[in-house]
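Peer 1: Chain order of the listed sequences is A and B. Start counting the first sequence at 659; every next residue gets the next number (my numbering). Start counting the second sequence at 47; every next residue gets the next number (my numbering). For glycine and all other residues, C-beta sits at the position ideal for the given N, C-alpha and C. Please read these numbers as outputs of a predicted model, since none were measured by experiment. A single structure is presented below for examination.
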Amino acid sequence: MGKGKFITRRILQMLLSYFIILTMLFFVFRLALPDPTAALVMEGLSAEEQAMVRARFGLDQPLLGQYFTYLTNFVQGELGLSFHYRAPVFPIILDRLYNTLALMIPAIIVSYLLGPLLGVFLSWKRGSRSEFAGIIGGLVLRSAPLFWTGMIFIMVFGIWFNIFPTSGMRTLPYEAAYFFDKIFTLDYLWHLFLPMMTIAIYYLGLPMLIMRNTMLEVMGEDFIELCQAKGLSERRIMYHHVARNALLPVVTQAAITIGLAVGGQVVVEVVFSWPGLGREIVQAVRTSDFPMAQGSFMMMSGLVLIMNFLADVIYSYLDPRVVYKGGKE
Amino acid sequence: MNNKNASPKKGLRERLKYLKPFLNTILEPVKIIFKDPLGIAGAIIFSIIVLIAIFAPLLATHNPAEMNERIEGSLLAFSPGGQWQDYEIIGDKPINDLVIRGQQMIAAAESGSIMMLQEDGSWQEVKIDAGIDFFAATVAEDMILAAGEQGRIYSYQNGSWQENHLEQEIDIYGLTVSPGGTIYAVGEEGSVFSWQEESWQQLNTGSSRTLKDINFVAADDAIVIGERGTIIHYRQGEFLAPQFRSFTDETFRDLNGLHYFSEELAFAVGERGTIMGYDGTEWFAMRSDSSRELRGVTIISSEEAYAVGYRGTIQQYDGESWQTHERITRRGYRGITTAGETGYIYGVDPYVNELAPPSREHFFGTTHLGRDIWSQVIYGSRTALMVGIIAALMVNLLGFTVGLISGYYRGGVDSFLMRVVDIMYGMPLEPFAIVLVLIFGPGLWIIILAIGLLTWRTNARVIRSQVLSLVERPFIKAARIAGASNIRIMLVHIAPNVLPLAFLQLAVAMGYAITAEATLSFLGLGPPRVYSWGTILHAARLSGAWRTAWWWIIPPGIFISATVVSVFLVSRALEVLTNPRLRGGNESAPEPKESQDVLPHE
């Protein structure tokens with residue numbers, strides 16, 4: 659099986675998964691709420707007018723008909739009207755998606771730059787007290803819930819020292835013609851720092867410990883002994899020979915983490931009032947904004963699927979055995 | 047007969063034979079945990095949390111939902127011109143009246159308590175065990191008097207307290223000594239008494255309303271105030287017709303406090319910010335900024351006066367009008383008095399002990415509603431463990447079953463189940479739970495369900511890869527050739543071998559479930575009125591007070607972290623039990639050689 663075929667198969671798999679998630683979402687929403695217009699239809703409308711509203715929203719059709727309308731609308735990027743914003747859901751969600759990525763990607767990059775470096779350091783100092791402290795530290799960082807770390811950060815750096823803003827993406831009011839206008843500013847970096855560090859610290863422990871473990875394994879291999887025999891400096895051996903060979907599992911883990919980070923992001927966005935997808939979906943629950951909640955969920959699970967797919971593709975490049983073995987067993 | 051009985055017996059014995067290794071596999075993890083020092087540490091921390099959860103009602107010092115009040119007697123000293131000093135707590139009974147006579151200070155407080163200032167500046171409490179509250183006190187030439195409920199009047203003469211009560215059981219609200227030296231008491235049912243010839247004589251006021259205070263400016267010139275706007279002048283031994291001005295022009299509010307400063311100046315204050323002024327001829331209502339109840343007033347000069355009352359209200363008079371003075375505390379004051387260069391505001395009403403920092407009474411302080419955070423955190427451990435254990439069992443049961451079936455049957459069943467797992471991986475947990483809450487409403491079961499329905503995916507993959515390698519082992523093939531059914535092979539031959547791994551996964555899932563529960567509760571998706579570490583932080587965030595009240599957010603977070611760390615440490619120790627080679631992280635990856643699961647995913 660070639661690489662192209664492997665990727666095609668994975669894409670098809672991903673689309674199928676997404677299709678099933680969309681289907682489940684539709685039926686869960688419709689079965690739990692047989693009449694979504696109840697929230698929308700004002701009291702005092704006559705039966706005929708109510709029927710008209712239902713017809714307008716296509717709710718007089720059989721469930722299966724509604725389901726096909728739902729799918730075709732989805733393909734056309736038509737996710738309905740938000741009850742809360744009284745505007746189409748899709749453009750709003752798209753905007754929130756960019757904001758989410760503008761926080762998530764820097765955070766993951768920072769944690770996967772720092773994590774492996776610390777991991778190399780720990781394996782270097784193997785058996786020492788700083789290694790022990792590092793391992794315990796990694797465990798503790800991973801155990802502290804994201805939202806709590808965020809709150810502590812806000813309290814310490816935002817309130818006590820008052821050196822970082824505590825909420826939002828930019829100081830209000832601001833004007834940004836388009837998205838990149840918004841994020842290519844110092845003000846944005848200023849706002850980004852605390853939420854980014856909150857996420858980065860949480861995800862840093864895992865690559866650090868993985869890196870350490872793999873490093874220790876690689877160090878036991880024969881070619882390292884050869885390097886030592888050649889008289890290379892320890893630093894050179896560590897960074898050039900061991901680390902390079904130990905990076906693979908970290909890269910895999912990074913790809914998996916990005917998928918999971920989409921969910922973990924929600925609380926951080928809530929704590930820091932970051933106008934992203936996660937905050938939007940929590941707000942949608944508070945305002946009973948069903949189209950918004952549905953749309954945000956679609957977007958998030960789509961994001962997760964794409965991340966998982968990218969993880970597999972990256973892995974197939976790094977470790978070609980996956981492709982030739984058929985991706986399984 | 048024998049044969050018939052023998053066969054089930056044999057079957058039982060045969061089963062017992064399997065029990066021993068089965069028990070061994072169950073006990074093995076425990077032994078392994080205790081071989082690892084970090085594992086022991088984890089086990090100890092976890093046991094402490096479990097003990098806290100079990101003994102929560104004993105450990106909790108307060109009802110976590112109770113709004114804790116503080117009851118205290120206190121003084122707030124000031125000097126004319128508005129120099130306010132520190133709030134000083136004296137005793138634990140709210141002070142209803144304070145008299146200053148020279149160096150002497152006597153405070154009449156609730157629950158039969160009288161505080162007297164000693165020469166060394168300390169306060170001494172005299173407790174009169176009469177089961178009544180004192181409302182008034184005064185100092186006459188040769189004695190101190192205090193009076194209160196049920197017509198009880200106590201006098202301090204020659205170093206001892208004597209009771210001296212009225213014939214009627216009416217509450218006494220005011221005591222005063224006229225410049226002529228006569229003692230007067232006012233109280234319920236429009237009664238005014240004077241102390242004459244060693245007994246209390248009732249005077250006829252012509253009113254039946256409760257009277258609150260009496261104040262003299264000269265030996266024969268006094269004002270009495272009371273409920274529903276009652277103001278009565280007492281001149282030359284005569285009560286002038288009660289001025290019930292309520293229904294005409296001025297006020298029908300209850301009046302609480304009075305200061306008759308000079309013949310041309312008096313103020314009376316009362317309910318809903320009522321301030322009545324007297325200019326020597328007429329009573330008139332004055333504008334005040336406050337709508338809160340005022341309890342006391344004192345006049346320092348014709349250009350300076352203060353009125354105090356409910357919730358820390360202080361009104362200041364500048365000779366023309368009343369303005370709200372900056373609030374010093376939020377406590378309800380009961381009165382104000384001045385003598386010479388100093389004055390005192392006294393009280394105070396029992397108040398909600400809100401946002402109190404940690405103290406001996408509240409180990410972790412209190413919330414903005416005066417609730418005890420220590421007790422909330424203690425009860426929160428129950429929720430965390432309950433959700434953690436139930437969700438972890440659910441996750442494990444699902445993951446174990448799916449992994450076992452998938453790994454054992456392989457082929458089409460495996461492909462199908464793994465696609466289901468893929469779909470599960472496509473849904474992030476928090477949004478999934480949020481959608482469930484949107485549809486079914488918030489609740490603990492929804493949280494458990496969300497965790498259980500979604501996170502079995504990792505367990506299924508891990509168990510599956512272990513089963514896949516087991517199936518190829520000779521003993522499974524032997525069992526198959528011996529004619530064992532699929533179910534028998536799965537349950538008797540494979541399951542016990544996967545059990546250690548399942549234990550590890552149980553620990554991992556529990557740590558994850560506890561974090562997830564805290565996260566979802568923090569988002570407000572948990573049930574109201576159930577204390578969990580997440581909901582405590584949710585409440586803190588909602589109140590907005592968490593930005594300064596560090597004692598509110600640090601303890602729950604530490605408990606969450608400690609619990610999760612302990613579970614991680616245990617699971618780390620357990621990892622020795624399982625062959626890392628057999629554990630796959632990413633399903634698409636080949637059997638990974640590296641032990642990458644130092645920490646659980648997710």
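Starting from the Cα of F732/A, find the closest Cα among N966/A, I972/A, A942/A and G960/A and give me that residue.
Peer 2: Along the first sequence, read from residue 1 onward, the residue named residue 732/A stands at position 74. If we check each option's Cα against that of F732/A, G960/A comes out closest.
Peer 1: Please list the residues of the segment 668 to 683 of chain A that have a C-beta atom closer than 9 Å to any C-beta atom in chain B, keeping them in chain order.
Peer 2: The segment 668 to 683 of chain A vs chain B, Cβ under 9 Å: R668, Q671, M672, L674, S675, Y676, I678, I679, M682 and L683.
Peer 1: From the beta carbon of L468/B, is the nearest beta carbon of chain A less than 8 Å away?
Peer 2: To locate residue 468/B, count along the second sequence from 1; it is residue 422. Checking the sequence shown, residue 468/B turns out to be Asp, not Leu. Closer than 8 Å: yes.
Peer 1: For G660/A, name the three-state secondary structure that DSSP assigns.
Peer 2: Along the first sequence, one-based indexing puts residue 660/A at 2. Looking at G660/A - three-state DSSP - the assignment turns out to be coil, as it is neither helix nor strand.
Peer 1: If we define contact as Cβ-Cβ less than 8 Å, is R593/B a contact residue for chain A?
Peer 2: Here residue 593/B refers to the residue found at position 547 when the second sequence is read from its first residue. Judged by the 8 Å Cβ criterion, R593/B is in contact with chain A.
Peer 1: Looking at chain A, which residues of the segment 531 to 564 of chain B have a Cβ within less than 7 Å of any of its Cβ atoms?
Peer 2: Listed by position, the residues of the segment 531 to 564 of chain B near chain A (Cβ gap below 7 Å) are T561 and A564.
Peer 1: Compile a chain-ordered list of the residues in the segment 739 to 760 of chain A whose CB is closer than 9 Å to at least one CB of chain B.
Peer 2: Hits within the stretch: zero.
Peer 1: Tell me which same chain residues have a C-beta within less than 6 Å of the C-beta of Y356/B, skipping the five on either side of it?
Peer 2: Here residue 356/B refers to the residue found at position 310 when the second sequence is read from its first residue. Once the five neighbours on either side are set aside, the close Cβ partners of Y356/B are R338, E339 and G378.
Peer 1: Thinking C-beta only, is I278/B closer than 8 Å to L304/B?
Peer 2: Within the second sequence, the letter at position 258 stands for residue 304/B. Within the second sequence, the letter at position 232 stands for residue 278/B. No. Outside cutoff.
Peer 1: Who are the near neighbours of T609/B in its chain, counting only those whose CB is closer than 6 Å to its CB and skipping five residues on each side?
Peer 2: As a first step, residue 609/B is located in the second sequence; it is residue number 563 there, counting from the start. Answer for T609/B: I95 and I560, listed in chain order.
Peer 1: Are the segment 578 to 594 of chain B and the segment 779 to 788 of chain A touching by the rule of at least three beta carbon pairs closer than 8 Å?
Peer 2: The answer is no - the segment 779 to 788 of chain A does not touch the segment 578 to 594 of chain B, with fewer than three Cβ pairs under 8 Å.
Peer 1: Taking the DSSP output, what are the residues bridged to S120/B?
Peer 2: The count along the second sequence starts at 1 and reaches residue 120/B at position 74. Answer is I135/B and G393/B, bridged to S120/B.
Peer 1: So with CB distances below 9 Å, who are the chain A contacts of I606/B?
Peer 2: Along the second sequence, one-based indexing puts residue 606/B at 560. Neighbours of I606/B on chain A, chain order: S801, A802, P803 and W806.
Peer 1: Which whole runs of the alpha helix (DSSP H) in the segment 335 to 372 of chain B are 4 residues long or more, in chain order?
Peer 2: None, since the segment 335 to 372 of chain B contains no complete alpha helix (DSSP H) of that length.
Peer 1: Run through DSSP, which three-state label would T294/B get?
Peer 2: The residue labelled residue 294/B in the question sits at position 248 within the second sequence. With a pLDDT of 44 at T294/B, under the threshold of 50, the predicted position of this residue should be treated as unreliable, though the coordinate-derived value follows. If DSSP states are grouped into helix, strand and coil, T294/B belongs with coil.
Peer 1: Can you check whether the C-beta of N820/A is within less than 8 Å of a C-beta belonging to chain B?
Peer 2: One-based indexing of the first sequence puts residue 820/A at position 162. For N820/A, the answer is no, since every Cβ of chain B falls outside 8 Å of its Cβ.
Peer 1: For P746/A, collect the residues of the same chain with a Cβ closer than 8 Å to its Cβ; drop the 5 residues on either side in sequence, then sort them by chain order.
Peer 2: By 1-based counting over the first sequence, the position of residue 746/A is 88. Excluding residues within five positions, the ones whose Cβ falls inside 8 Å are E736, L737, G738, L739 and S740.
Peer 1: Assuming contact is defined by CB atoms lying nearer than 8 Å, are M614/A and A765/A in contact in what I supplied?
Peer 2: Nothing in the structure corresponds to residue 614/A, since chain A is present only between 659 and 987.
Peer 1: Who are the neighbours of F955/A on chain B, taking C-beta pairs under 7 Å?
Peer 2: Taking the first sequence and counting its residues from 1, the one referred to as residue 955/A is at position 297. Residues of chain B passing the Cβ test: P477 and V481.
Peer 1: Relative to the alpha-carbon of L755/A, which residue among T945/A, V971/A and S954/A has its alpha-carbon at the smallest distance?
Peer 2: Along the first sequence, one-based indexing puts residue 755/A at 97. Among T945/A, V971/A and S954/A, the Cα nearest to that of L755/A belongs to S954/A.
Peer 1: Between the alpha carbons of Y454/B and M432/B, how many angstroms are there, rounded?
Peer 2: Translated into the one-based positions of the second sequence, residue 454/B becomes position 408. Translated into the one-based positions of the second sequence, residue 432/B becomes position 386. So the alpha carbons of these two residues sit roughly 32 Å apart.
Peer 1: Between the Cα of I469/B and those of I678/A, K663/A, I669/A and L850/A, spot the shortest distance and give me the residue it belongs to.
Peer 2: Counting from 1 along the second sequence, the entry for residue 469/B is found at position 423. Nearest option by C-alpha distance: I678/A.
Peer 1: Can you check whether the C-beta of M813/A is within less than 8 Å of a C-beta belonging to chain B?
Peer 2: Taking the first residue of the first sequence as position 1, residue 813/A is located at position 155. Cβ-Cβ to chain B under 8 Å: yes for M813/A.
Peer 1: Got a sec: which bits of the segment 567 to 583 of chain B sit with their beta carbon under 7 Å from any beta carbon on chain A, in order along the chain?
Peer 2: Residues passing the 7 Å Cβ filter: F568, L569 and L583.
Peer 1: Given a threshold of 16 other Cβ atoms within 10 Å of its Cβ, counted over all protein chains shown, does T730/A qualify as buried or as exposed?
Peer 2: For the purposes of this step, residue 730/A is taken as the residue at position 72 of the first sequence. Answer is exposed; the Cβ neighbour count stays below 16.
Peer 1: Under a three-way DSSP split, which group does W932/A fall into?
Peer 2: By 1-based counting over the first sequence, the position of residue 932/A is 274. If DSSP states are grouped into helix, strand and coil, W932/A belongs with coil.
Peer 1: Which value, in whole angstroms, describes the spacing of the CA atoms of L62/B and F101/B?
Peer 2: Within the second sequence, residue 62/B is the residue found at index 16, counting from 1. Within the second sequence, residue 101/B is the residue found at index 55, counting from 1. Rounded to the nearest angstrom, the two C-alpha atoms are 37 Å apart.
Peer 1: Does E171/B come out as helix, strand or coil in the three-state DSSP assignment?
Peer 2: For this step, residue 171/B is matched to residue 125 along the second sequence. Looking at E171/B - three-state DSSP - the assignment turns out to be strand.
Peer 1: Got a sec: is the Cβ-Cβ distance from V610/B to anything in chain A below 8 Å?
Peer 2: Walking along the second sequence from the start, residue 610/B turns up at place 564. Judged by the 8 Å Cβ criterion, V610/B is in contact with chain A.
Peer 1: Counting C-beta neighbours from all protein chains within 10 Å, is the total for V459/B 16 or more, i.e. buried, or is it exposed?
Peer 2: Here residue 459/B refers to the residue found at position 413 when the second sequence is read from its first residue. So V459/B ends up on the exposed side.
Peer 1: Tell me, please, which residues DSSP counts as bridged to T388/B.
Peer 2: In the second sequence, residue 388/B corresponds to position 342, counting from 1. Looking at the DSSP assignment, T388/B forms a beta bridge with A385/B.
Peer 1: Tell me the rounded alpha-carbon separation between F68/B and Q512/B.
Peer 2: Taking the second sequence and counting its residues from 1, the one referred to as residue 68/B is at position 22. Taking the second sequence and counting its residues from 1, the one referred to as residue 512/B is at position 466. Looking at the two C-alpha atoms, the distance is approximately 18 Å.
Peer 1: Looking at I174/B: is its Cβ nearer than 8 Å to the Cβ of G158/B?
Peer 2: For this step, residue 174/B is matched to residue 128 along the second sequence. For this step, residue 158/B is matched to residue 112 along the second sequence. Closer than 8 Å, so yes.
Peer 1: Taking the alpha carbon of I480/B as the reference point, which residue from V441/B, I271/B, S515/B and I497/B has its own alpha carbon closest?
Peer 2: To locate residue 480/B, count along the second sequence from 1; it is residue 434. Nearest of V441/B, I271/B, S515/B and I497/B to I480/B, Cα basis: I497/B.
Peer 1: Below 8 Å on the Cβ atoms is my contact criterion, and I expect M161/B with G177/B to pass it. Report the Cβ-Cβ distance as a whole number of Å.
Peer 2: What you label residue 161/B is simply residue 115 of the second sequence in a count that begins at 1. What you label residue 177/B is simply residue 131 of the second sequence in a count that begins at 1. No, M161/B and G177/B are not in contact; Cβ-Cβ is about 18 Å, not under 8 Å.
Peer 1: Considering only DSSP beta bridges, list what W241/B is partnered with.
Peer 2: One-based indexing of the second sequence puts residue 241/B at position 195. The partner list for W241/B (beta bridge, DSSP) reads W246/B.
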